[in-house]
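Read in order, the letters of the sequence shown are residues 217 to 461 in the working numbering.
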Amino acid sequence: MNRSYYTNAIILNLKPVGENNNSVTLLTPDKGIIYATLYGGPKSKLRSQVALWHSGIIWLYEVPEKNQIKISDMDVKNFHQSFGENLFKMYAASLAAELAIKTRCAGSAEQCFTLLLGFLDGMELCDEEQSRLGLIRFLWRYLELMGIRPDTSDSEAFTSDSISYYNIIDNCFTWERDEQSTHLIPVKNRSVQYLAAISNLSPSEVRKIPVDKEVYEEIKQFVFFLLEKNLESELNTIKTGTGIL
217 MNRSYYTNAI ILNLKPVGEN NNSVTLLTPD KGIIYATLYG GPKSKLRSQV ALWHSGIIWL
277 YEVPEKNQIK ISDMDVKNFH QSFGENLFKM YAASLAAELA IKTRCAGSAE QCFTLLLGFL
337 DGMELCDEEQ SRLGLIRFLW RYLELMGIRP DTSDSEAFTS DSISYYNIID NCFTWERDEQ
397 STHLIPVKNR SVQYLAAISN LSPSEVRKIP VDKEVYEEIK QFVFFLLEKN LESELNTIKT
457 GTGIL
């Protein structure tokens, strides 16, 4: 049996183990989430390569008798230096990583890897304001990967200056309001139309659409609500990142 192999990977998390080692959480396009061990003290060359948010080709060695995977080497292709310099970017990346880990890549390791890598690389090239909208787009696309994204196909029927409603039970938007209903959440039509644009237009086209602060805040809270409702638990990054995200 060939115990040594290599794959593309994103470093999602690092935790100290003992005095000199790290437990590393990786996202790979072929095996999804992998937990591996990085051996070596602070002077180890691998320490600088296997760093948080780095992505590239990683070499792994399986030790089945110990139920362990060791990291042998890494060829870093993408660094994300700005994440350590911007608090929002760091929290946004952490939220994306937490989501991938908690959902086990939403059942599709390859699509999850592509989506998350594109998001991280995109943030590295953008300022904070652009990254905030990038997070919204990433989360809305991830909801699709999870199979729980609300249908926005009727968004053109909603006039931009009015309110529509999200039906919690049917997971869709409607412009009809039942005064007795307790499962309808009001959402501005401008917000629904932006979400529909993410669903239907190319990333380059969506990036050109202006979004004011009021619409951004509503979409952000709505998407956070959808994620935690369907996960049936709080996302720690959202909880600890209040006022940052």
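Quick reminder that beta carbons are idealized off the backbone N, C-alpha and C, glycines included.
Cβ shell of Ser-288 (< 8 Å), same chain only, five flanking positions each side left out: Ser-220, Trp-275, Leu-276, Tyr-277
For Leu-341, count neighbouring Cβ atoms within 10 angstroms of its own Cβ and tell me buried if that reaches 16, exposed if not. It counts as exposed.
Using the Cα positions of Val-422 and Arg-353, report the straight-line distance between them to the nearest angstrom. Each residue's Cα considered, the two are about 9 Å apart.
Residues near Phe-295 in its chain [Cβ-Cβ closer than 7 Å; skip 5 each side]: His-270
Tyr-255 - containing alpha helix (DSSP H), residue span: Boundaries for Tyr-255: no alpha helix (DSSP H) harbours it, and the DSSP string shows neither H nor E there.
May I ask you to report which of helix, strand or coil DSSP gives Cys-342? coil
Buried or exposed, going by whether 16 or more other CB atoms sit within 10 Å of the CB of Arg-365? buried
How big is the Cα-Cα spacing for Arg-263 and Gly-272? Arg-263 and Gly-272: Cα-Cα distance of roughly 15 Å.
From Ile-227, Val-427, Tyr-255, residue whose alpha carbon lies closest to that of Ala-267: Looking at the Cα atoms, Ile-227 is the closest of the given residues.
CB Tyr-251 to CB Leu-315, shorter than 9 Å? no
Output the boundary residues of the alpha helix (DSSP H) element that contains Pro-419. Per DSSP, Pro-419 belongs to the alpha helix (DSSP H) from 419-422.
Determine the closest residue to Thr-319 out of Met-362, Glu-430, Thr-368, with distance taken between C-alpha atoms. Met-362
Does the Cβ-Cβ distance between Lys-231 and Ser-239 come in under 9 Å? yes
Using a 10 Å radius around the Cβ and a threshold of 16 neighbouring Cβ atoms, would you call Met-217 buried or exposed? Confidence is the limiting factor: at Met-217 the pLDDT is only 49, short of 50, which leaves the residue's position unreliable and the question unanswerable from this model.
Distance check for Phe-440 and Gly-338, CA to CA, integer angstroms please. 21 Å
Would you mind reading off the limits of the beta strand (DSSP E) that contains Asn-387? First-last for Asn-387: undefined, no H or E at that position.
Nearest-angstrom Cα separation, counted from Ala-225 out to Val-279: Near 19 Å, if we compare the C-alpha coordinates of Ala-225 and Val-279.
Go through the segment 296-346 residue by residue and report every complete run of the alpha helix (DSSP H) that reaches 4 residues or more, in order. 303-318, 325-341
Jot down the residue ranges of each uninterrupted alpha helix (DSSP H) in the segment 424-452, minimum 4 residues, whole runs only, in chain order. Counting whole runs of 4 or more residues, the segment 424-452 contains the alpha helix (DSSP H) stretches 429-447.
Checking 9 Å against the spacing of the C-beta atoms, do Thr-390 and Ala-325 come in under that value? no
Look up Lys-282 in the DSSP assignment and say whether it is helix, strand or coil. Helix at Lys-282.
Once the 5 residues before and after Val-403 are set aside, which same chain residues still bring their CB inside 8 Å of it? Annotation for Val-403: Ile-379, Ser-380, Tyr-381, Tyr-382, Phe-389, Glu-434, Phe-438 place their beta carbon closer than 8 Å to its own, counting only its chain and skipping 5 residues before and after.
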